[in-house]
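First the structure, in the form of structure tokens, and then the observations on it.
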Amino acid sequence: MKKKKLISILFLSFALLLHSCNKDRPEPSKPTPKPGDEDDNPTTELILPKNEMRAVWIATAWGLDWPIGVYGEAQQKQAYITMLDKFQELKVNTIFFQVKAMGDAFYNSPYEPWAASIAGTRGQDPGYDVLKFLIDEAHKRRIEFHAWMNPYRIATRANATANYPALHSSVEADWVVSHEKIQIYNPAVPAVRTRLVDIIRDILAKYDVDGIHFDDYFYPDPTSAGTMVSDAADYAQYGAEYSSIEAFRRGNVDKAIQAVHEAIVATKPTVVFSVSPAASKNYNYNTLYADVAKWCQQGWLDLLIPQLYQEIGNSSNDFKANLADWSQNSYDVALVIGHAIYKFGDATQSAAFQSADELERQVELSRKDAKAVGSVLYSAKSVMENKIGITNKIASLYSNPAVMPFMGRGAASDPVVVTNVKIEGNTLKWDKNNNERFVVYYTNDLKKTGQVVVITDQNSLTLSMNGYYCVTALNKDNKESAASETVEH
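Written out as structure tokens, the structure is:
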């Protein structure tokens, strides 16, 4: 009995001590409500929507999207401005502009010639700083500019009887492989990786780009390249550390991706590095020798944009299945989905692409995915053409502005939580607190996810709707502060 009494006293003492300690410990902060969270009681805070990249690819190979055979500075500038104004109207916040499509450049490069599509002749200076103009006009509209580059492709031809263009004077002949229908920088040659890094360092030093972007051209696809030049000699020379020639090819591309990542981090770490692989993970791995999942796992990418260009329910390359696959294999890398706008209204495509509703279904699936944070539309020309009302559908999907997700390495100071949010008459006001940009959110029902009203550098807003408002701050890296307290109008 004495033993039991002693145990009871000790247990009571411990419980009192634990209670005392818990009283002194601060209460855990309430988590910020997320879209989809359910609560039987109305929350006292506005539920914020998902941040979202909304982007368009602008292809320049063969002048596809710009300048589309238009020569002359004034005409080219106006065509670009017309596109950007339309994208701004659609609430697009990013463009991926192809600045290096064919071993060439849309700027004065010491490594590659001027692109033929600018002035009509490969190597001809157009007489103005094309890339600076492109970037400045995007930034005027608060649209991010990501420099899209093809890392290896130099040229294409119809067959082996046609000639490839002359190489730039700085390019060594043994860096290059001329297959039947495509000429590329040889991924196996270490000097090629060095050259690729040099090209990127040059862009970062000269231009205020927000990102460096690679598409899905790594090792060529034999079905489009025609008869391939054997790389057995490359394997014999450089491949001692690899167990197979396939592993050797993947290793070569791995080294290039890692080197570019390291160069960006060392040179301008706020720049986002992204890759847009083909839809099938296995196709990338086995045919293009791009081990994309490894790049994500190693942290060599900041952003992954798989080109999910097939419809939902496609028998061999289903949109929904590929979305799930990339969501599981993107690790900590931001995931944004590429959509085939060019297929909509094309009579040669499947029935799904004869209705703009297919895009809505794809975007809604992406928005519901826990990892996906936006969409990229291919390509600009198709967005401008509006076949079968596809651009109208985009406008309805992007009815409110979106906050760009943070997906790089931050350099700016973290944004400060906005304070002193109040409504005076019909004006919402708040303190700047050294912040530069602000996001105003609104809802008419605190049980529902709110919407972005405006992203602004001002600290007041005239209100036109009754309901609930809160404000967040954004820094230059797209880091967003916690929300202010909610006020009612």
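With mature numbering (1 follows the signal peptide of the UniProt record, and there is no 0) applied, the sequence shown covers -20 to -1, 1 to 469. Where a beta carbon is used, it is the ideal one built from N, C-alpha and C, also for glycine.
query = CA-CA distance, E18 and E344?
reply = Sequence index remark: in the sequence shown, residue 18 carries index 38 (1-based). Sequence index remark: in the sequence shown, residue 344 carries index 364 (1-based). Because E18 sits at a pLDDT of 39, beneath the cut-off of 50, its placement in the model cannot be relied upon, and the point is left open.
request  = Go to Q277, then tell me how far its beta strand (DSSP E) extends in each direction, as first and last residue.
outcome  = Counted from its first residue, the sequence shown places residue 277 at position 297. First-last for Q277: V272 to Q278, but that is the alpha helix (DSSP H), not the beta strand (DSSP E).
task = Keeping to the same chain, check which residues put their C-beta closer than 8 Å to that of D326; ignore five residues upstream and five downstream.
result = Translated into positions along the sequence shown, residue 326 becomes position 346. Excluding sequence neighbours, D326 sits near F333 and K367.
message = The alpha helix (DSSP H) that contains T207, what's its start and end?
response = Locating residue 207 in the sequence shown gives position 227, counting from the first residue. No alpha helix (DSSP H) holds T207; DSSP gives it neither H nor E.
key: Short Cβ contact (9 Å threshold) for V401 with V467   = Start at 1 with the first residue of the sequence shown, and residue 401 comes out as number 421. Start at 1 with the first residue of the sequence shown, and residue 467 comes out as number 487. Result yes, Cβ atoms of V401 and V467 sit closer than 9 Å.
inquiry  = Assuming G318 is part of the beta strand (DSSP E), what are its boundary residues?
reply    = Along the sequence shown, one-based indexing puts residue 318 at 338. A314 to A320 is the span of the beta strand (DSSP E), which, as asked, contains G318.
Residue(s) in a DSSP beta bridge with A258 = For the purposes of this step, residue 258 is identified with residue 278 of the sequence shown, where counting begins at 1. Per DSSP, Q287.
ask   = What are the boundary residues of the beta strand (DSSP E) that M129 is part of?
value = Residue mapping note: residue 129 aligns to position 149 of the sequence shown, counting from 1. E124 to M129 is the span of the beta strand (DSSP E), which, as asked, contains M129.
request  = Could you work out which residue in F86, R102, A304 and V272 is closest to E342 when comparing CA atoms only?
outcome  = One-based indexing of the sequence shown puts residue 342 at position 362. For the record, residue 342 in the displayed sequence is Gln; it is not Glu. The shortest Cα separation from Q342 among F86, R102, A304 and V272 belongs to A304.
query = Below 8 Å, can you find three or more Cβ-Cβ pairs linking the segment 46 to 59 to the segment 141 to 159?
reply = no
query = Do you know whose CA, among Y197, A142, V396 and M387, lies nearest D312's CA?
reply = Translated into positions along the sequence shown, residue 312 becomes position 332. Measuring from the Cα of D312, the nearest candidate turns out to be M387.
task = State buried or exposed for P11, treating a residue as buried only when at least 16 other CB atoms are found within 10 Å of its CB.
result = Within the sequence shown, the letter at position 31 stands for residue 11. A caution first: P11 carries a pLDDT of 34, below 50, which makes its placement in the model too unreliable to give a value.
key: Residue span of the beta strand (DSSP E) that contains H193, given as start and end   = By one-based count along the sequence shown, residue 193 stands at place 213. Where H193 is concerned, the enclosing beta strand (DSSP E) stretches over G191 to F194.
query = Under a Cβ-count criterion, where at least 16 other Cβ atoms within 10 Å of its own Cβ denotes burial, should R122 be classed as buried or exposed?
reply = The count along the sequence shown starts at 1 and reaches residue 122 at position 142. When all chains shown are included, R122 counts as exposed.
query = Does the Cβ-Cβ distance between E460 and V383 come in under 9 Å?
reply = Within the sequence shown, residue 460 is the residue found at index 480, counting from 1. Within the sequence shown, residue 383 is the residue found at index 403, counting from 1. Contact: yes.
query = Under 9 Å, do residue 475 and M33 count as touching if we go by C-beta distance?
reply = Outside the shown range of the chain, which is -20 to 469, sits residue 475, and nothing can be said about it.
message = I'd like to know whether the C-beta atoms of V255 and A314 end up nearer to each other than 9 Å.
response = Locating residue 255 in the sequence shown gives position 275, counting from the first residue. Locating residue 314 in the sequence shown gives position 334, counting from the first residue. No, Cβ-Cβ distance for V255 and A314 is not below 9 Å.
ask   = If you pair each beta-carbon of the segment 28 to 48 with each one of the segment 347 to 363, do three or more pairs fall below 8 Å?
value = Under the 8 Å Cβ criterion, the segment 28 to 48 counts as touching the segment 347 to 363, having at least three qualifying pairs.
inquiry  = Between which residues of its own chain and A135 is the CB-CB distance below 8 Å, once the five residues before and five after are set aside?
reply    = Translated into positions along the sequence shown, residue 135 becomes position 155. Same-chain partners within the cutoff: M82, G83, Y144, P145, I162 and Q163.
query = How far does the alpha helix (DSSP H) with A59 in it reach, from first residue to last?
reply = In the sequence shown, residue 59 corresponds to position 79, counting from 1. Taken as a continuous stretch (DSSP letters only), the alpha helix (DSSP H) holding A59 covers E53 to E69.
message = Please give me, in chain order, every unbroken run of the alpha helix (DSSP H) with length at least 4 that falls completely inside the segment 341 to 384.
response = 360 to 365 and 370 to 377, all fully within the segment 341 to 384.
Alpha helix (DSSP H) segment containing A453, residue limits = Taking the sequence shown and counting its residues from 1, the one referred to as residue 453 is at position 473. From DSSP, A453 is part of no alpha helix (DSSP H) but of the beta strand (DSSP E) over Y448 to L454.
key: The beta strand (DSSP E) enclosing A135, as first and last residue numbers   = Here residue 135 refers to the residue found at position 155 when the sequence shown is read from its first residue. Taken as a continuous stretch (DSSP letters only), the beta strand (DSSP E) holding A135 covers R133 to T136.
message = Is the beta carbon of F86 closer than 9 Å to that of H193?
response = Here residue 193 is taken as the residue at index 213 of the sequence shown, counted from 1. Here residue 86 is taken as the residue at index 106 of the sequence shown, counted from 1. Not in contact: H193 and F86 (Cβ atoms no closer than 9 Å).
query = Since S440 is in the beta strand (DSSP E), which residue starts that stretch and which ends it?
reply = For the purposes of this step, residue 440 is identified with residue 460 of the sequence shown, where counting begins at 1. S440 -> beta strand (DSSP E) spans S440 to T442.
inquiry  = Counting beta carbon pairs with one atom in the segment 295 to 304 and one in the segment 208 to 215, are three or more of them shorter than 8 Å?
reply    = no
message = For a minimum of 3 consecutive residues, which ranges assigned as the beta strand (DSSP E) are wholly contained in the segment 381 to 445?
response = 402 to 404, 407 to 409, 417 to 423, 431 to 436 and 440 to 442
request  = Inspect the beta-carbon positions of K261 and N309 and report whether they are closer than 9 Å.
outcome  = Here residue 261 refers to the residue found at position 281 when the sequence shown is read from its first residue. Here residue 309 refers to the residue found at position 329 when the sequence shown is read from its first residue. In this structure, N309 lies closer than 9 Å to K261 by Cβ.
query = Do S440 and W410 have their C-beta atoms within less than 9 Å of each other?
reply = Position 460 of the sequence shown, counted from the start, is the residue given in the question as residue 440. Position 430 of the sequence shown, counted from the start, is the residue given in the question as residue 410. Yes, Cβ-Cβ distance for S440 and W410 is below 9 Å.
Distance between V451 and F418 (C-alpha atoms, nearest Å) = Along the sequence shown, read from residue 1 onward, the residue named residue 418 stands at position 438. Along the sequence shown, read from residue 1 onward, the residue named residue 451 stands at position 471. About 7 Å.
query = Got a sec, what are the start and stop residues for the alpha helix (DSSP H) I225 sits in?
reply = Reading the sequence shown from its first residue, position 245 is the one you call residue 225. Note, I225: alpha helix (DSSP H), I225 to T247.
inquiry  = Restricting to Cα atoms, I'd like to know which of G390, T74 and E92 is closest to D178.
reply    = Taking the sequence shown and counting its residues from 1, one reaches residue 178 at position 198. Nearest option by C-alpha distance: E92.
message = For P167, count the other beta carbons within 10 Å of its own beta carbon; 16 or more makes it buried, fewer makes it exposed. Which is it?
response = Within the sequence shown, the letter at position 187 stands for residue 167. Classification for P167: buried.
request  = Return the chain-ordered list of same chain residues with a C-beta closer than 6 Å to the C-beta of Q68, the five sequence neighbours on each side being excluded.
outcome  = If you number the sequence shown from 1, residue 68 lands on position 88. These residues qualify, in order along the chain: R121.
task = Enumerate in chain order the residues of its own chain whose CB-to-CB distance from H469 is below 7 Å, with the five nearest sequence positions on each side excluded.
result = Taking the first residue of the sequence shown as 1, we reach residue 469 at position 489. Only I403, L443, N446, G447 and Y449 meet the Cβ criterion.
query = Would DSSP call Y165 helix, strand or coil?
reply = As a first step, residue 165 is located in the sequence shown; it is residue number 185 there, counting from the start. Taken through DSSP and simplified to helix, strand or coil, Y165 comes out as strand.
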